[in-house]
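Going by numbering that gives the first Met the number 0, the first residue of the sequence shown is number 0, and it counts up by one from there.
Backbone N, C-alpha and C define an ideal beta-carbon position, used for all residues, glycine too.
It should be emphasised that the depicted structure is a prediction, and the values quoted were computed from it without experimental measurement.
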Amino acid sequence: MKVTVIGAGPAGSTAAFYLAKAGCEVDLVDRVDFPREKACAGGLFNPLLFEKEFPHIVGIEGRDLFRVRFSYGSCSFQPEAARPLLRTVIRKEFDRFLLECARKAGARFTVGTPSTKNGIVIRATGVRPPADYKSAGICMEYDFAAERDIDTIRVHYGFSGIKGYCWLYPKHGYANVGVGAYLPQKDIKDVFGRYIEHLEAEGIVIRKSQHHRASIIPFSPPKRPLGGESFGCGPPGVLIGDAAGFVRPGTGEGIYFAMCSGKAAARMVTEKKDEKWYQKECVRMFGRYLKSTVASLPPRLCNRVLGKAVKIGSKDQQFGKLLAEDFFRLGYHSLTGRFLVNLFR
Ligand SMILES: Cc1cc2nc3c(=O)[nH]c(=O)nc-3n(C[C@H](O)[C@H](O)[C@H](O)COP(=O)(O)OP(=O)(O)OC[C@H]3O[C@@H](n4cnc5c(N)ncnc54)[C@H](O)[C@@H]3O)c2cc1C
């Protein structure tokens, strides 16, 4: 069976890996050569779940983090987990590794534009313009030298009034700092600058450059239906990863869902299922995460609710722990009941 996968990010390389392993003739095409830069904080949320679903990434180089500091205004709390919340990786290297896995499994990688006129097409081309989604955000990030060894993730909700959060993800010897917010969001670059100043004032990072990487991030499926889209290079193809809008609103996490949808699309092809099956399989694999309590907040409510959640977390240790587990998908908790009980205390 001949399959063309367009885009060799985590979604495309994962689809190509599983297709090639199952004996398909796979053409994996990207418009740029690898390793390539991609705006991303490089955080694998709940890394043990990653390793369970994708055993070929076991042993990938990264830093496991067990503690997070949530803040809102001057209020904060710092829960710790027994299992890693996040593994930070170098995104450029991670993507190269996934592509290498696909090649070793037998996929043929080429740089350029796909020439396919027949066969099955899987489209993993990443995020599209914001107008293609009902809801989208913007994220900006960069790596900064750390003043000292930091082992605590930082998530600062509503910093400078944004509808979103600023983050700090420690890596080995440096940290990734970023900001993500729902669109429309004015002056994101100023907020990014102010957050770095805030971290510099605390003696956490040192700014050596004014660089940043930025990208749109989808928070919903594209307005046009999932799959069944013709894109000028052959027959309709199924959409996976960011192209399908598989990012968790509220956290901006997308790598896990990109890889899961790539795996599901590969199964759809090799087991001769249809697109309805593919959609159901995506819902089964990760649908609950895209809809969980904190992630599904409407943008106009997010700061008010998250501000309250941080206040509650600073007083109620158990609630704080559940909030961290929900954010990093360690558990799937219903926080609503506990949240309401606390509100009326
Ligand atoms: C600032 C920022 C920080 C983020 N941080 C995190 C994080 O810490 N953790 C997390 O889980 N998620 C994070 N995300 C989200 C995550 O980066 C994406 O969800 C993920 O990259 C999606 O993978 P993908 O394979 O669908 O797309 P991509 O990784 O974007 O790959 C798409 C590929 O398709 C290629 N392509 C595009 N068009 C064509 C074409 N016409 N022909 C051929 N090739 C084409 C591109 O060159 C690219 O290589 C972040 C996003 C942003 C913007």
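- When DSSP states are grouped into helix, strand and coil, residue 25 belongs to the strand group.
- Using a C-beta cut-off of 8 Å, the region 146 to 153 makes contact with the region 162 to 176, since at least three inter-stretch Cβ pairs fall below that distance.
- Residue 158 and residue 241 have their C-alpha atoms roughly 26 Å apart.
- Short note on residue 39: C-beta closer than 7 Å to some heavy atom of ligand 1.
- For residue 3, the three-state secondary structure derived from DSSP is strand.
- Residue 156 is bridged by DSSP to 71, 164.
- Distance from the C-beta of residue 134 to the nearest heavy atom of ligand 1 is not below 7 Å.
- Just so you know, the alpha carbons of residue 315 and residue 76 end up roughly 10 Å apart.
- In the displayed model, residue 330 falls within coil according to three-state DSSP, outside both helix and strand.
- Here residue 56 has 49, 50 as same chain residues with Cβ atoms under 7 Å from its own Cβ, once five neighbours each way along the sequence are excluded.
- The DSSP-derived three-state label of residue 203 is coil.
- Within the region 70 to 157, the runs of beta strand (DSSP E) that reach at least 3 residues and sit entirely inside it are, in chain order, 74 to 76, 85 to 87, 107 to 110, 119 to 122, 135 to 145, 151 to 156.
- Per DSSP, residue 193 has no beta-bridge partner at all.
- Between residue 162 and residue 237, the alpha-carbon positions lie close to 32 Å from each other.
- Residue 128 sits exposed, since fewer than 16 C-beta atoms from the chains shown fall within 10 Å of its C-beta.
- Of the other Cβ atoms in all chains shown, 16 or more fall within 10 Å of the Cβ of residue 70; this residue is therefore buried.
- Exclusion of residue 328 from the 7 Å shell around ligand 1 follows from its C-beta lying no nearer than that to any non-hydrogen atom of the ligand.
- CA-to-CA, the gap between residue 3 and residue 141 works out to about 33 Å.
- Of all alpha-carbon atoms in 53, 269, 260, 135, the one lying nearest the alpha-carbon of residue 221 is that of 135.
- At a Cβ-Cβ threshold of 8 Å, residue 261 and residue 58 do not count as neighbours.
- Taking residue 133 as the centre and dropping the five residues before and after it, the same chain places the C-beta of 219, 222 closer than 7 Å to its C-beta, in chain order.
- Distances taken from the Cβ of residue 14 to the heavy atoms of ligand 1 include none shorter than 7 Å.
- DSSP places residue 183 outside both helix and strand once states are collapsed to three, so it counts as coil.
- If you look at residue 254, you'll find it in the alpha helix (DSSP H) that goes 254 to 269.
- Following the DSSP letters along the chain, one finds residue 33 in no beta strand (DSSP E), marked with neither H nor E.
- For the 8 Å CB-CB criterion, residue 211 and residue 139 form a contact.
- Bounds of the beta strand (DSSP E) holding residue 213 are 212 to 217.
- For residue 121 and residue 144, the gap between their C-alpha atoms comes out near 39 Å.
- In this structure, residue 285 has its beta carbon at no less than 7 Å from each heavy atom of ligand 1.
- Counting along the chain, residue 304 sits inside the alpha helix (DSSP H) bounded by residues 298 to 314.
- Residue 118 places its beta carbon less than 8 Å from that of residue 1.
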